[in-house]
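This report refers to the structure that appears directly beneath it.
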Amino acid sequence: MSEPLDLRGRTVLITGAARGIGALLAAEVARRGARPSLVGIEPETMERVAEAIRTETGVETFVAEADVRDRAALDRAVEGTISALGGIDVCVANAGVETASSVLNHDPDDFRRVIDINLIAVFSTLQATLPAVIERRGHLLPIASLAAIGHAPAMSAYAASKAGVEALANSLRQELAGTGTTVGCGYFTFLDTDMVRDGFQHPVAAELRKDVARGPFGKVYPVEPAITALADGIENRSRTVMFPKWIKPVAKLRGITQPLLEKLAGSKAADAIRRAESRS
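Here it is as C-alpha cells:
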C-alpha cells in the first residue's frame, strides 16, 4: 500500500479547469494546501478562477491555455507548470465533452471529436505528465464516468470513450507498479455542471430523460460532494472515486448491469430517439 498523499505544497495539474469539475477541484485542492495548474481552452475564465483561488487561499497558481487535442500545447503547459510551480505531483485528466445521437445518424466527425477529446487527449495528458509525476511518486487521476460501466442508448461515442479511459487507467496502474506512483479513475453520473445542463438541451437527451432515464439514473446530483470525493481520492491514492455511492455496487455487479439497463430501457429508448431525431 502506498502512503497517503499530503497535498500541502504539492502541484496538481487539472485539464478542463475553466469551469465545472475542473475549476471546483482546483479550488478544493488549493484549500488543502496544493498549488493548482489550470489547463484548458478558456484562458480568461481560468485566470478568473485562479485569481479567486489566490484570493481565498493565498496559494500559488498557474494557468496554461491548451487544447488537450494539441500535444505540443499540452507539452508547453506541462513545461510551464514545472517551471512555475517546481514540478507536478498529481495529474487530473478531466477535460471532456458529451454528445447524443443514434449510431445510425451520428455525424462521423462529431464521433471522432468525442473520442479525440475524451480518450486520445486523456492518453496524451497522462503521457505528457508521466515523467514529472513518476519523479514525485505522485498520483494520476483520469476521469471516466458511469458510462464506462453501463452503456446507454444514444451515447455510443461518450460510452466508448469513457470505457476506454477506464481501460487506459487499468493498464497504466499495472505498468507503474513498484514506482510509488499510483493511478485512480473517477466515475460519476449526471452532476450539476454546465456540460450536463447544456447536454440535456439536446433533443435526443431531453427525450430520453423524459421517457427512459428515471430514478437515480436520470437524476442530476450536486457537484460539491463529487469534488470532495475527488480530493479525498487523490489524498488517499484511491483506485476508484465514485459518486453517488450507488455507483460502487453497480460497478461490482457490472456483469448484470448492462443486460439490466437494456431491459429497463426496452423499446422506449429506441422510440424516444427516433422521435427526437425525426424532429431535428
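Numbering-wise, the sequence shown is residues 557 to 836 according to this note's numbering. Backbone N, C-alpha and C fix where the C-beta goes; we use that ideal spot for every residue, glycine too.
- Of V797, R810, I790, K808, the smallest CA-CA separation from R564 is found for I790.
- The Cβ-Cβ distance between P800 and T745 falls below 9 Å.
- Taking the C-beta atoms as reference points, T738 is found no nearer than 9 Å to G706.
- Taking one beta carbon from each stretch, the stretch 774 to 790 and the stretch 606 to 616 have fewer than 3 pairs nearer than 8 Å; the two do not touch.
- For V615, there is no enclosing beta strand (DSSP E), as DSSP gives it neither H nor E.
- With fewer than three CB-CB distances shorter than 8 Å, the stretch 701 to 719 does not count as touching the stretch 635 to 650.
- When the five nearest sequence neighbours on each side are left out, the beta carbons in the same chain lying within less than 8 Å of the beta carbon of D748 are those of V776, Y777, P778, V779, in order along the chain.
- Taking a C-beta distance under 9 Å as the contact criterion, G740 and V797 qualify as a contact pair.
- Counting only runs of 3+ residues, the beta strand (DSSP E) found wholly inside the stretch 593 to 651 occupies 618 to 621, 646 to 649, in chain order.
- A distance of 9 Å or more separates the beta carbons of R604 and A620.
- Cβ-Cβ separation between L675 and V634: approximately 19 Å, too far for a contact (criterion under 8 Å).
- Under the criterion of beta carbons closer than 8 Å, L630 and A622 qualify as touching, at roughly 5 Å.
- Distance from the CA of S657 to the CA of I671, rounded to the nearest whole angstrom, comes to 14 Å.
- F679 and G589 have their C-alpha atoms roughly 27 Å apart.
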